[in-house]
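Peer 1: Residue numbers for the sequence shown follow the numbering used here, so the first one is 138 and each next one is one higher. Ideal placement from N, C-alpha and C gives every residue a C-beta, glycine not left out. Small disclaimer: the values here were computed from a predicted structure and weren't measured.
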Amino acid sequence: MFKWNTFVLALGLALIVSNAEARPKGPDFGPPMRILIVRGEGPDCPSNCPEWISLEGAFVKETPALFRKALEQIGARKPQVLISSGGGMVDAAMEMGRLLRAKGLDVSVARTLFDAPAVETAAPEQTSKSALVVAKRGRPSAGGSFCASACTLLLAAGKARHVAPDARVGLHEMFIPEQDVTQHVRYFQTRTLTRDGKVISKETRTIAEKDLIRHISRHSTSAKDYRRVAAYLDEMGVPSAKVVALMHEASPEHVVWLSRKGLADTLLATDAQPPEAALGLAPKVVAPAPESAAPVPTRESSMPIAQPRRERPSALTLFASRFGLTIGQLGLLSVLMLAMVAAILSSFRRGAWLGGAAQRRNSPPLS
138 MFKWNTFVLA LGLALIVSNA EARPKGPDFG PPMRILIVRG EGPDCPSNCP
188 EWISLEGAFV KETPALFRKA LEQIGARKPQ VLISSGGGMV DAAMEMGRLL
238 RAKGLDVSVA RTLFDAPAVE TAAPEQTSKS ALVVAKRGRP SAGGSFCASA
288 CTLLLAAGKA RHVAPDARVG LHEMFIPEQD VTQHVRYFQT RTLTRDGKVI
338 SKETRTIAEK DLIRHISRHS TSAKDYRRVA AYLDEMGVPS AKVVALMHEA
388 SPEHVVWLSR KGLADTLLAT DAQPPEAALG LAPKVVAPAP ESAAPVPTRE
438 SSMPIAQPRR ERPSALTLFA SRFGLTIGQL GLLSVLMLAM VAAILSSFRR
488 GAWLGGAAQR RNSPPLS
């Protein structure tokens, strides 16, 4: 006897995070990153014209592919990378950091300013997304530039890391933002033909497909994510323990902006060269020599200067001056007073001795 068994299976094939539909509730990282290959203009161009790659905006999932395209476009040249970013996707930043380190490029925290629109060669629909364009008439500026959150992961990959005094570098905790995700679900129907309990044939076909939108609340990243970041920082030669510790000092809504000492301790900055000097557009800035410590005084020079010693007058001298007596008169008076005191003591001691003897005669014996 033949028998058909029918099963319907709903299978979620993938979770697709849509950036257009994502609703982050954390820090505003700004618009998606725009990548520009900037070539300056001047009397030495094009033979000796400064060139750099400008990265400005947030790291999104398309950014690594565009950065790879920029690296392919520059070929064997090694232009510097100028970045100003509030962060974004950690995985995208680390992927770009590995590409940058493999190329051996330097990084400066700086913006690129233009006298003319920088995206004039880009299609209008690309201006709101990450776009790779070749721009001219650009000039670097550290003023108003910053590198925070995931941006520090790319900064750590630089062969040299220039952070001018006007630029800022900051860290905070990692998090997964609140967002809507789209799950593509496919429904299958399986028909099995059996005879006397044995399977004769089986066929499966798709009967429907649909997208389900699921909302994910914002939540903290796991310890595993921090271990991945720490391994990446160690790969780049940056002390991961110090950087991760600073990450935990600020919530996602806040940023710990590093001081010059913090930049040096974490190795996120190798020097404080402004971008103009790093690109060869201005002379190198010589770091000020540390202030020499004041010489430690020797024991002798640290002692106070000795003052002439003044003899303190004796009590007898003060007494004589008080009553108008000469030293001779004062001496005679002292002898008379001593004689009187001696006589009184002598008479007292004779009386005390007799009384004591009588007392001893009448006292009981000691047993």
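#1: Buried or exposed, going by whether 16 or more other CB atoms sit within 10 Å of the CB of S327?
#2: With 16 as the cutoff for other CB atoms within 10 Å, does T343 come out buried or exposed?
#3: Note the first and the last residue of the continuous alpha helix (DSSP H) segment covering D368.
#4: Taking the DSSP output, what are the residues bridged to H299?
#5: Express the C-alpha separation of L349 and R305 in angstroms, rounding to a whole number.
#6: Between G224 and S286, is the Cβ-Cβ spacing less than 7 Å?
#7: At what residues does the alpha helix (DSSP H) containing C288 begin and finish?
#8: Do Y363 and V381 count as a contact pair if the criterion is CB distance below 7 Å?
#9: Relative to the C-alpha of S377, which candidate in A294, D303, S245 and P168 has its C-alpha closest?
#10: Here's a check: name, in chain order, each residue in its chain whose Cβ is nearer than 7 Å to the Cβ of I337, leaving out the five neighbours to either side.
#11: Counting only runs that start and end within the segment 194-252, where is the beta strand (DSSP E) found for 3 or more residues in a row?
#12: Determine the DSSP secondary structure at R351, reduced to helix, strand or coil.
#13: What's the C-alpha gap between L473 and A480?
#14: Assign L400 to one of three DSSP states: helix, strand, or coil.
#15: Just to confirm, is the Cβ distance from L383 to V393 under 7 Å?
#16: Can you check whether the CB of L219 is closer than 7 Å to the CB of I172?
#17: Rounded to the nearest angstrom, how far is the Cβ of V422 from that of P411, given a contact under 8 Å?
#18: Can you find the residues in the same chain that come closer than 7 Å, C-beta to C-beta, to M226, ignoring five residues on each side of it along the sequence?
#19: With the cut-off set at 7 Å, would you say A230 and T407 are in Cβ contact?
#20: Buried or exposed for L475, please, with buried defined as at least 16 other CB atoms from any protein chain shown within 10 angstroms of its CB.
#21: When burial is assigned at 16 or more other CB atoms within 10 Å of the CB, is L291 buried or exposed?
#22: Tell me, to the nearest whole angstrom, how far the beta carbon of V300 is from that of A387; I am working on the premise that it is less than 8 Å.
#23: When the distance is taken between beta carbons, is A279 closer than 7 Å to A247?
#24: Beta-carbon within less than 6 Å of R276's beta-carbon, same chain only, minus the 5 sequence neighbours each way: which residues are those?
#25: How would you call D243, buried or exposed, if buried means at least 16 neighbouring beta carbons within 10 angstroms?
#26: Quick test of your reading: G417 and P216, contact by CB under 8 Å. State the CB separation rounded to the nearest angstrom.
#27: Please classify H385: is it buried, with 16 or more other beta-carbons within 10 angstroms of its beta-carbon, or exposed?
#28: Exposed or buried, what is M477 when buried is set at 16 or more other beta-carbons lying within 10 Å of its beta-carbon?
#29: Buried or exposed: H309, going by 16 or more other Cβ atoms within 10 Å of its Cβ?
#30: Can you say whether A430 is buried or exposed, counting buried as having 16 or more other CB atoms within 10 angstroms of its CB?
#31: According to DSSP, S278 sits in a beta bridge with which residue or residues?
#32: Could you tell me whether the Cβ of R351 comes closer than 7 Å to any Cβ of chain D?
#33: How many whole angstroms separate the CB atoms of T403 and V375, which I take to be in contact at a CB cut-off of 8 Å?
#34: Give me whichever residues DSSP pairs with V175 in a beta bridge.
#35: According to DSSP, is S388 part of a helix, a strand, or is it coil?
Peer 2: Taking the structure as given:
#1: Looking at the sequence shown, residue 327 is not Ser but Thr. With fewer than 16 other Cβ atoms within 10 Å, it is exposed.
#2: exposed
#3: First, the residue type needs correcting, since residue 368 is Ala and not Asp in the sequence shown. It spans A360 to E372 - the alpha helix (DSSP H) in which A368 sits, taken as one unbroken run.
#4: S245 and D408
#5: Using only the alpha carbons, I get a separation of about 42 Å.
#6: yes
#7: C288 to L292
#8: In this structure, Y363 lies closer than 7 Å to V381 by Cβ.
#9: A294
#10: L330 and T331
#11: Qualifying beta strand (DSSP E) stretches, in chain order: 217-221, 244-246 and 248-251.
#12: strand
#13: 11 Å
#14: helix
#15: yes
#16: no
#17: 6 Å
#18: F196, V197, K198 and A287
#19: no
#20: exposed
#21: buried
#22: Wrong, their Cβ atoms sit about 19 Å apart, outside the cutoff.
#23: yes
#24: Spatial neighbours of R276 in its own chain (CB-CB distance under 6 Å, excluding positions within 5 residues in sequence) are listed in chain order as L250.
#25: buried
#26: At roughly 11 Å, the Cβ-Cβ gap does not stay under 8 Å, so G417 and P216 are not in contact.
#27: H385 sits exposed, since fewer than 16 C-beta atoms from the chains shown fall within 10 Å of its C-beta.
#28: exposed
#29: buried
#30: With a pLDDT of only 36 at A430, under the threshold of 50, the placement of this residue in the model should not be trusted, and no figure is reported.
#31: In DSSP, S278 forms a bridge with R248.
#32: Looking at the structure shown, chain D is missing, and only one protein chain is on hand.
#33: Confirmed, Cβ separation roughly 7 Å.
#34: By DSSP's assignment, V175 forms a beta bridge with W189 and A272.
#35: The three-state reading of DSSP puts S388 in coil, since its state is none of H, G, I, E or B.
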